[in-house]
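Numbering (this note's numbering), first residue to last: 360 to 757.
Note that the Cβ used here is the ideal one computed from N, Cα and C, for glycine as well.
Given the structure is predicted, the values throughout are model-derived calculations rather than measurements.
Note sheet for the following structure.
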Ligand code: FEO
């Protein structure tokens with residue numbers, strides 16, 4: 360059922376409590392999610408985005424209970440990714456001539472996915488607008504690479520609502536819809552996880568886009584993203600948070616991350632944790648085993664950290680594969696201005712630290728020279744090396 364956002368603007372999406380994974384299995388969902396679609400009923404009736412295709416029938420049925428589908432004057436597709444466009448083909452079966460307003464890149468994406476070049480696409484660019492009656496307009500703002508080349512936001516004058524699509528969203532189910540009704544701790548945790556794992560690579564673009572949006576000087580009463588809570592209580596708070604997150608974000612935190620074969624590297628990891636805490640009592644120190652912790656959650660902790668300490672034993676003249684896969688993901692996220700130290704045990708050849716160092720450097724981290732390379736099982740001398748490396752890392756961070 361539709362639910363009111365403000366005046367004649369309604370939410371008509373899907374609260375997806377059961378969702379556990381997103382982007383295939385690449386993004387873990389801890390507290391559900393939502394695909395937010397919006398219905399505007401001014402003199403013109405407008406649908407903004409749809410939902411993922413598993414919910415296409417439910418979505419179209421819900422819409423039909425609210426309005427006669429033929430009454431929809433046009434659809435705005437802010438983004439072609441399937442979680443927002445998946446229900447379009449099923450909907451368009453009933454209203455095949457309805458105009459779809461979207462960016463040129465979005466046409467490519469929608470045609471590429473659904474193979475309907477005959478749909479009535481109307482391409483728009485930043486600054487284009489369309490009258491929806493009752494003195495209100497929709498203004499389009501391209502959001503290129505936030506997070507796809509086709510992404511766009513739509514601003515509604517009069518009610519001052521920014522339909523921001525993925526930007527400012529969270530994978531978080533909030534049955535009550537609005538940010539002031541959500542559990543605050545979880546809301547911010549999920550908003551940061553979403554930024555760290557999805558938007559981080561595009562931080563320089565986020566910075567420019569925020570400046571561009573701010574320069575437009577538009578009053579914003581509501582930010583209505585396509586996932587999670589809708590920001591109606593002080594919506595600018597999420598814009599301000601993005602302002603911080605896109606600017607080489609870090610807190611006073613160091614995160615120790617490792618994997619282990621026979622617990623030698625694990626012992627070094629725990630010793631690092633102990634030493635770092637002793638050396639810098641006010642710094643938040645956290646420790647994670649890569650194989651036993653959700654990779655997106657570790658990434659959020661890395662996003663918050665000013666430095667990481669990463670360990671893997673040498674195996675097959677390389678590192679353990681869970682660490683290698685994780686480092687590949689780390690490189691994708693393009694974190695900036697963070698430091699690192701490496702450590703690991705070996706039995707025979709000992710290439711692990713070199714591999715860690717190279718992959719971290721490729722991922723944009725500054726790796727300090729002081730490392731811990733332990734032959735077989737750690738003993739006192741190795742723990743002294745940990746102390747030395749931890750001391751140097753703390754010094755580097757001063
Ligand atoms: Fe980029 Fe929510 O899709």
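Would you kindly check if the distance between the Cβ of residue j and the Cβ of residue i is under 8 Å?
i, j, result
"residue 529", "residue 438", "no"
"residue 434", "residue 457", "yes"
"residue 511", "residue 568", "no"
"residue 641", "residue 611", "yes"
"residue 725", "residue 751", "no"
"residue 572", "residue 581", "no"
"residue 749", "residue 635", "yes"
"residue 644", "residue 667", "no"
"residue 605", "residue 663", "no"
"residue 449", "residue 425", "no"
Can you have a look at residue i and say buried or exposed, based on whether 16 or more other CB atoms are within 10 angstroms of its CB?
i, result
"residue 417", "exposed"
"residue 592", "exposed"
"residue 461", "buried"
"residue 455", "exposed"
"residue 384", "exposed"
"residue 584", "buried"
"residue 704", "buried"
"residue 721", "exposed"
"residue 708", "exposed"
"residue 515", "buried"
"residue 532", "buried"
With H, G and I counted as helix, E and B as strand and the rest as coil, what does DSSP make of residue i?
i, result
"residue 579", "coil"
"residue 416", "helix"
"residue 719", "helix"
"residue 590", "strand"
"residue 679", "coil"
"residue 749", "helix"
"residue 448", "helix"
"residue 656", "helix"
"residue 761", "No answer is possible for residue 761: it lies beyond the span of the chain, which begins at 360 and ends at 757."
"residue 650", "helix"
"residue 694", "coil"
"residue 435", "strand"
"residue 714", "helix"
"residue 732", "strand"
Measuring from the CB of residue i, is there a heavy atom of the ligand GTP at a distance below 7 Å?
i, result
"residue 415", "With respect to the ligand GTP, the structure offers nothing, as its ligand set consists of the ligand FEO."
As an exercise, report each continuous alpha helix (DSSP H) stretch of at least 4 residues that is fully enclosed by the region 592-643, in chain order. 595-604, 623-638
**OP:** Could you tell me whether the region 626-643 touches the region 592-605, using the rule of 3 or more Cβ pairs below 8 Å?
**Re:** no
message = Does the structure place the region 652-662 close enough to the region 675-691 that three or more beta carbon pairs sit under 8 Å?
response = yes
- Query: Of all the beta strand (DSSP E) runs that stay within the bounds of the region 456-499, which reach a length of 3 or more residues?
  - Reply: 459-461, 480-482, 488-492
Completely contained alpha helix (DSSP H) runs for the region 510-578, where each covers 4 or more residues:
543-553, 562-575
So does the region 522-538 actually touch the region 391-407, counting three or more Cβ pairs closer than 8 Å? yes
Should the region 514-524 be regarded as contacting the region 396-413, the criterion being three or more beta carbon pairs within less than 8 Å?
yes
Would the region 469-479 count as touching the region 489-500 if we require 3 or more Cβ pairs under 8 Å?
no
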